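In the numbering used here, the protein residues as written are 2 to 345. Cβ coordinates follow ideal geometry from the N, Cα and C atoms, glycine included. These numbers were taken from a predicted model, which means no experiment stands behind them. Presented below is the structure to which this report refers.
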Amino acid sequence: MNRKTLLFTLLFGISFGLTAQIPPGYYDNAQGLNGTALKSALHNIIKGHTEYSYNDLRDFILRDTDEDPDNSNNVILLYTGRSQSKNSFGGGANDWNREHVWAKSHGDFGNNPPCGTDAHHIRPTDASVNSSRGHKDFAMGGQQHPEATGCYFTEYTWEPRDEVKGDVARMIFYMAVRYEGGSGEPDLEVVDQINTYPQPKHGKLSDLLEWNIQDPPDDFETNRNDVIYGYQNNRNPFIDHPEYVNAIWNPSSSSSSQAYSYNITIFPQPATDRISIRSDDLIKDYYDITIYNLFGQVVYTSDDTYCNGIVMTFELPELKPALYVIQINSDNQSYTSKLTVKGR
2 MNRKTLLFTL LFGISFGLTA QIPPGYYDNA QGLNGTALKS ALHNIIKGHT
52 EYSYNDLRDF ILRDTDEDPD NSNNVILLYT GRSQSKNSFG GGANDWNREH
102 VWAKSHGDFG NNPPCGTDAH HIRPTDASVN SSRGHKDFAM GGQQHPEATG
152 CYFTEYTWEP RDEVKGDVAR MIFYMAVRYE GGSGEPDLEV VDQINTYPQP
202 KHGKLSDLLE WNIQDPPDDF ETNRNDVIYG YQNNRNPFID HPEYVNAIWN
252 PSSSSSSQAY SYNITIFPQP ATDRISIRSD DLIKDYYDIT IYNLFGQVVY
302 TSDDTYCNGI VMTFELPELK PALYVIQINS DNQSYTSKLT VKGR
């Protein structure tokens, strides 16, 4: 076994999360990069995707990408979370229609390929809620929406419900990397501003960075990325690697030097729980355990945790739902992995 590879076995209701179907070598050219170099590498990986028409989104793509896993006749609506019949597409107040998460007026690309039909940022939404969101930037605050009760809005901003805050952030970051101004496409940028219409910009960066951490990718978002890859032949890299967000837009705070291996999902998260780490590669030793958030801030430390050569066990503190990095170090060995904590 490679000494940098650690097999984590989690006990007492803690389990592995589903792994995205990432093609082997897909992100090889992005390894070890950050900042503009990483942004450029990812752009070259995901550009030139297979294009579809705006009607294709309505007729079959969104019916597939956003299908309710509990009811194959329905789609899940982005801002309300409502499960609704696939056949109820239309312009009525309670019909579903196509929402451009990166507002199409922010760059004036309309419903035309590639930007205006890119499924990575187009989602089924309640028609009247879609109209309420309009071309607002994404940011925290405002008054509660009367229909999409988990959403809040002001004259210039829209705050999505907590369950999809990270989804929205990663769609916005995808668009800013996919569309860099080449081949007649717009050059889209994420900025720490609001009221950016009609410029090819979207905000608010600082809130989007937080949302990416607070709401890590779940099974629905991961499956959606896989399904879109089957259609468009490109992926949203920030669903596969949420840590890339900070590595590009907040590199000074990113723990980009970490080496990632397994993605561990804890669900549900009690106040405390015991986590057991097993590997044939472990030796009898005392290990220091450190957990970081994606800003590189330490959220948990445990010194001198004993391993008997097979397993080490320690009490896991209460952590907010987010993506973290866990390091396990002794004088002789060092391991690192991603750790995903999901809400109840």
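Asked: Suppose contacts are defined by Cβ-Cβ distances below 9 Å. Is glutamate 190 in contact with lysine 202 by that definition?; Found: yes
Asked: Skipping 5 residues on each side, what residues in its chain have a beta carbon closer than 6 Å to that of glutamine 334?; Found: none
Asked: How should valine 165 be labelled, buried or exposed, when 16 other C-beta atoms within 10 angstroms of its C-beta is the threshold for buried?; Found: buried
Asked: Let me confirm a value: serine 86 is counted as buried when at least 16 other C-beta atoms fall within 10 Å, else exposed. Which label applies?; Found: exposed
Asked: Taking the alpha carbon of tyrosine 287 as the reference point, which residue from Asp29, Asp305, Thr341 has its own alpha carbon closest?; Found: Asp305
Asked: With 16 other CB atoms within 10 Å as the buried threshold, where does phenylalanine 139 fall?; Found: buried
Asked: So valine 102 packs on isoleucine 173, CB below 8 Å; how close in whole Å?; Found: 7 Å
Asked: Can you grab the Cα-Cα spacing for the pair proline 322 / glutamate 244, in whole Å?; Found: 15 Å
Asked: Between the beta-carbon of glutamate 100 and the beta-carbon of asparagine 131, is there less than 9 Å?; Found: yes
Asked: Quickly, what does DSSP pair glutamine 194 with across the bridge? List them, please.; Found: Per DSSP, none; premise fails for glutamine 194.
Asked: Rank Tyr55, Phe110, Asp163, Pro147 by C-alpha distance to the C-alpha of proline 125 and give the top, closest one.; Found: Tyr55
Asked: With respect to 8 Å, is the separation between the Cβ of tyrosine 232 and the closest non-hydrogen atom of the ligand ADP below this value?; Found: No copy of the ligand ADP occurs in the structure displayed, which carries no ligand at all.
Asked: Please give the ranges of any beta strand (DSSP E) in the stretch 126-167, keeping only runs that are unbroken, at least 3 residues long and fully inside the region.; Found: 158-160
Asked: Taking the straight line between their C-alpha atoms, what separation do you get for glycine 36 and proline 238?; Found: 15 Å
Asked: So what's serine 335 in DSSP terms, helix, strand or just coil?; Found: strand
Asked: Three or more C-beta pairs under 8 Å: does that hold for the stretch 170-185 against the stretch 226-240?; Found: yes
Asked: In this structure, how does DSSP classify asparagine 98 when only helix, strand and coil are distinguished?; Found: strand
Asked: Excluding the 5 residues flanking proline 199 on each side, which residues of the same chain have their C-beta closer than 7 Å to its C-beta?; Found: Ser106, His107, Asp109
Asked: With distances taken between CB atoms, is the gap from arginine 225 to aspartate 67 smaller than 9 Å?; Found: yes
Asked: Jot down the residue ranges of each uninterrupted beta strand (DSSP E) in the stretch 68-116, minimum 3 residues, whole runs only, in chain order.; Found: 72-77, 84-86, 97-101
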